[in-house]
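If you're matching them up, the sequences are chains A and B in order. Residue numbers for the first sequence follow my numbering, beginning at 1 and rising by one. Residue numbers for the second sequence follow my numbering, beginning at 1001 and rising by one.
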Amino acid sequence: MMTSQTNVHAEYLNPILARRQHNPNDLLQILREAQEQHGYIHTDAIDYLSLELKLPRAKIEGVAGFYSFLYLQPRGEYRVLFSDNITDRMLGNMELLENMCAQLWVEPGKVSEDGLLSIETTSCTGLCDQGPALLVNNIAINRLTPARVSSICELIRERVPLSAWPQEFFAIEDNIRRKDILLGSDFKSGAALSALFQRGADATLQEIKTSKLRGRGGAGFSTGMKWEFCRNAAGDAHYVVCNADEGEPGTFKDRVLLNGYADMVFEGMTLCARVVGAKQGFLYLRGEYRYLLDHLQAVLQRRRQQTLLGTSILGEAGFDFDIEIHLGAGAYVCGEESALIESLEGKRGTPRNRPPFPVTNGYLDRPTVVNNVETFASASLIALNGGAWYAGIGTETSSGTKILSVSGDCERPGLYEYPFGVTVAQVLAECGARDTQAVQVSGASGVCVSADEFERRIAFEDIPTAGAFMVFGQQRDMFEVARNFVHFFAHESCGFCTPCRVGTSLLSNMMDKLANGHGSPYDFAEIEKLNGLLQSTSHCGLGHAACNPVLDTIAKFRPAYEKRLAHKDFVPAFDLDAALSQARQMTGRDDTGAHLERSHESR
Amino acid sequence: MSQDKSFTLDGKTVPYQEGQTIIQAAMAAGHYIPHLCFNPEFKPHGSCKLCTVKANGRQTASCTQQAQPGMVVESDINELNDERRVLLQMLFVEGNHFCPSCEKSGNCQLQATAYELDMMSPHFDQFFPDRPVDASHAEYLLDFNRCILCSLCVRASRDVDGKNVFALSGRGIKSHLIVNAKSGHLADTDFSGSDKAAHVCPVGVILKKRVGFSVPIGQRTFDAQPISATPHPKVKGA
Chain A
1 MMTSQTNVHA EYLNPILARR QHNPNDLLQI LREAQEQHGY IHTDAIDYLS LELKLPRAKI
61 EGVAGFYSFL YLQPRGEYRV LFSDNITDRM LGNMELLENM CAQLWVEPGK VSEDGLLSIE
121 TTSCTGLCDQ GPALLVNNIA INRLTPARVS SICELIRERV PLSAWPQEFF AIEDNIRRKD
181 ILLGSDFKSG AALSALFQRG ADATLQEIKT SKLRGRGGAG FSTGMKWEFC RNAAGDAHYV
241 VCNADEGEPG TFKDRVLLNG YADMVFEGMT LCARVVGAKQ GFLYLRGEYR YLLDHLQAVL
301 QRRRQQTLLG TSILGEAGFD FDIEIHLGAG AYVCGEESAL IESLEGKRGT PRNRPPFPVT
361 NGYLDRPTVV NNVETFASAS LIALNGGAWY AGIGTETSSG TKILSVSGDC ERPGLYEYPF
421 GVTVAQVLAE CGARDTQAVQ VSGASGVCVS ADEFERRIAF EDIPTAGAFM VFGQQRDMFE
481 VARNFVHFFA HESCGFCTPC RVGTSLLSNM MDKLANGHGS PYDFAEIEKL NGLLQSTSHC
541 GLGHAACNPV LDTIAKFRPA YEKRLAHKDF VPAFDLDAAL SQARQMTGRD DTGAHLERSH
601 ESR
Chain B
1001 MSQDKSFTLD GKTVPYQEGQ TIIQAAMAAG HYIPHLCFNP EFKPHGSCKL CTVKANGRQT
1061 ASCTQQAQPG MVVESDINEL NDERRVLLQM LFVEGNHFCP SCEKSGNCQL QATAYELDMM
1121 SPHFDQFFPD RPVDASHAEY LLDFNRCILC SLCVRASRDV DGKNVFALSG RGIKSHLIVN
1181 AKSGHLADTD FSGSDKAAHV CPVGVILKKR VGFSVPIGQR TFDAQPISAT PHPKVKGA
């Protein structure tokens, strides 16, 4: 039965459903677009979608409940999310958040009483080279200062629509500092495809294999082998997926590649489609990069007009391929390829049991190539210049170049492209880092490199990386760096398996206990025990990696932990005085009589 | 039985059929590997990780790992049982499990597995989550405090009953079970006591009302013998 309440939602849902052809596999996209219209996902809207998509409403609620950027309750007309990577912290994001909360009379995490706004934190938004950053209604704003925060408060108070905010707030910079073969190439749209036609699909695959190109998402699997496995896998359709869910804290190269080099990326996908026999491709773009969507749609449209996409590409009968963009909605785990495929299918982003792998059982259970943005761009270069040329760059087992996203304590944060094999020391020198204590390479799940290791090399055989390169000066507390990452993993755990779901929360509680001055050697041993369990029993890489930052910093910066083990013997984490804070708030008291003596503090 | 269709489990030879996972073959042969989210009547899920074994030296969930010819599987060893005990402790502190007052005591797989593995305390600080019960249904009670997110009810309702009464929502430590009703209440779903989903909960979430203590504590399934000696009724040799 249609009530007038439902009609309100049908009005904006019908065009979305029509555009998405009532395809239940597009559920996540439909929910995201519905929220863009209504601000949150109304319970009546779920009823309507359940009816129209023939999906149980519990399934729709389950999907919406999984993604941080989807809301089942009103979150305000203006939804402000402060990026909370360690680099944002180092640039003072928490002071700015408190400042904004104070100006707008709202508590972090809560909706203002007039329903105007909410202010919260979110995982790294990929603007570490120009932070502190935030998202307003999922659109990115960079270079926050107290003045910029005050302007934003004023605009919100005056209810100025986001489209009328000053354009300079949204001026995201590329910050390319060092170009090599990829960032420096003079790529012409269609050039790689022409090379493909001259050479043929088989020979092109051979060139990719000859190039020894390895996946740029960090794992480093052979791209040629992946394409070949997929091509040889039986299935009534094959798919090509570009993983632009760049969620690893400190990584932002894909943001720049998609902004300035989208043709190279899309062309790489098209080459792959020809090799594996795919007709449909997807770009899975992280929700934090929503601001890139219009630009990317325009590039796709232009490529269709240039017959570089669509039917009979460049006049080649039977070569049909097109690319659709799917947006994520705030879930780091979707960067894991099987979780990404679940998400593409409109489901909760839970990593699948592997094997089978996506090359045989991917999107809709069909053979699927999932590659990183930088991998596809590199494939275009290889099609143009040949595999031998590419294999001659870099090192023996890590061919080509790697784009590093440099941020933190240095004079020139931004993108640096180097042939593989570059030392950490060289990157530090060129980005203007001085008196460096440590570098976190490849993000929260990566490796923490201390000063005595700066001659180590960026390469799969030494320090593999998806691209993040966060620099920490001597003044930084490496325990706090690790604690930030541990909180990140707890927030981003999908919750599927016991060790990661509970273990990451236990681990962040223990790190907080140390930070709060209640630590003892006992807690230290507990942390090490939990790390072992996470590594050996977790379902996917997120759980395995969740202990890396702690294990690395314990091994290399043990004094940062030891100074927090204030007690010789075990002390409970439970803080009697803190437990009274709610009562103090309710009674408006903060005098000494409203506090308990913290007996263990006096020991 | 051909020579190559078998593996060893803690030194004992276990035959398997093509496509069986380690735990499926082990249970069919009457062996016990601790588990919670696995139920031989359902497709393996692989989330609780209690059934983690070492297969040819590599740790893996035995419910999802396909058996291979000649595989050397280790299960009942201190190293793994120590890890399983920690996983159990995690499940205990994550929810609100008060065994002495629970209607499911003695019939609960979580409790029985904890006894089996000599779990003496929850060890970690309790999370004490706020999970209201749902007593809306005339015949059944949902006590979410005990949910371990195994999703057996989700799978049973979807795959056997064809109803989708249950689903998981939220993420990470905030993951939780929901029911298929706008009100969020079981009474407003098409749930029925004859559903498979009403009878698969390994812990005490889905409970038939008014029969909680009709069998006295002390005379229940796992009071008589440990879970390792109590084969699943649908498994051969039970």
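Each residue gets a CB set at the ideal place from its N, CA and C atoms; glycine is no exception. Everything numeric in this text was worked out from a predicted model, so none of it was measured.
Within chain A, the residues whose beta carbon sits less than 7 Å from that of Cys1048 (chain B) are Thr498, listed in sequence order. Rounded to whole angstroms, the gap between the alpha carbons of Ser1075 (chain B) and Leu1110 (chain B) is 18 Å.
For Asp452 (chain A), the secondary structure class from DSSP, reduced to helix, strand or coil, is helix.
Using a Cβ distance threshold of 8 Å, Glu1103 (chain B) and Phe1213 (chain B) count as a contacting pair. Between the C-alpha atoms of Lys402 (chain A) and Lys513 (chain A) there is a straight-line separation of about 39 Å. At a cut-off of 8 Å between C-beta atoms, Glu52 (chain A) does not count as an interface residue with respect to chain B.
In terms of beta-carbon proximity, His38 (chain A) stays away from the interface with chain B, with every pair separated by 8 Å or more. Exclusion of the five residues before and after Phe187 (chain A) leaves Met264 as the residues of its chain whose Cβ lies within less than 6 Å of its Cβ.
Contact annotation: Val439 (chain A) and Val424 (chain A) have beta-carbon atoms nearer than 8 Å.
Put simply, the stretch 356-368 of chain A does not touch the stretch 163-176 of chain A. Fewer than three CB pairs are less than 8 Å apart. In this structure the stretch 399-417 of chain A lies against the stretch 121-128 of chain A, because at least three pairs of beta carbons, one per stretch, are closer than 8 Å. Within the stretch 1065-1098 of chain B, contact with chain A at the beta-carbon level (separation under 7 Å) is assigned to Glu1083, Val1086, Leu1087, Met1090, Leu1091 and Glu1094. In chain order, Asp1125 make up the part of chain B whose C-beta sits under 8 Å from the C-beta of Asn509 (chain A). Out of B:Gly1170, B:Asn1164 and B:Pro1233, the CA that lies nearest to the CA of Leu1149 (chain B) is found in B:Gly1170.
Here the stretch 505-525 of chain A makes no contact with the stretch 465-477 of chain A; the two share fewer than three CB pairs at distances below 8 Å. Assignment of His1031 (chain B) by DSSP, reduced to helix, strand and coil, places it in the coil class. If you draw a straight line from the Cα of Asp462 (chain A) to the Cα of Gln426 (chain A), it is about 15 Å long. As computed with DSSP, Thr121 (chain A) is found in a beta bridge with A:Phe82.
Around the beta carbon of Phe266 (chain A), 16 or more other beta carbons sit within 10 angstroms, so the residue counts as buried.
Within the stretch 1171-1182 of chain B, contact with chain A at the beta-carbon level (separation under 9 Å) is assigned to Arg1171, Gly1172, Ile1173, Lys1174, Ser1175, His1176, Ile1178, Val1179, Asn1180, Ala1181 and Lys1182. With a contact defined as Cβ atoms closer than 8 Å, Gly277 (chain A) and Arg231 (chain A) qualify at about 6 Å. Taking each of A:Leu257, A:Ala560, A:Val369 and A:Ser151 in turn and checking the Cα distance to Gln437 (chain A), the smallest one comes out for A:Ala560. Apart from sequence neighbours up to five positions away, the residues of its chain that approach Met510 (chain A) with a beta-carbon distance below 7 Å are Asp523, Glu526 and Ile527, ordered along the chain. Along the stretch 1044-1129 of chain B, the beta strand (DSSP E) occurs as fully enclosed runs of 3 or more residues at 1052-1055, 1058-1061 and 1072-1074, listed in sequence order. The continuous alpha helix (DSSP H) containing Arg1155 (chain B) extends over residues Leu1152 to Arg1155.
Pairwise C-beta distances place the stretch 1193-1201 of chain B out of contact with the stretch 1174-1181 of chain B, as fewer than three of them are shorter than 8 Å.
Look at the stretch 442-487 of chain A and you find these whole runs of beta strand (DSSP E), each 3 residues long or longer: 447-450 and 468-473.
Counting only residues of its own chain and dropping the five nearest sequence neighbours on each side, Arg348 (chain A) has a CB closer than 7 Å to the CB of Gly62, Val63, Phe66 and Glu342.
Distance from the CA atom of Met1071 (chain B) to the CA atom of Glu173 (chain A), rounded to whole angstroms, is 55 Å. Interface residue (Cβ-Cβ distance to chain B less than 8 Å): Cys334 (chain A) is not classified as such.
Contacts with chain B at 8 Å (Cβ-Cβ) include His491 (chain A). Here the C-alpha atom of Thr210 (chain A) lies approximately 5 Å from the C-alpha atom of Gly387 (chain A). Residues of chain A whose Cβ lies closer than 8 Å to the Cβ of Gln1059 (chain B) are, in chain order, Ser536 and Thr537. Cβ-Cβ distances below 6 Å link Ile1033 (chain B) to Ile1023, Ala1026, Cys1051, Ser1062 and Ser1075 in the same chain, with the five nearest sequence neighbours on each side left out; the list follows chain order.
By DSSP's assignment, Leu404 (chain A) forms a beta bridge with A:Tyr416.
Under the three-state reduction of DSSP, His544 (chain A) is assigned to helix.
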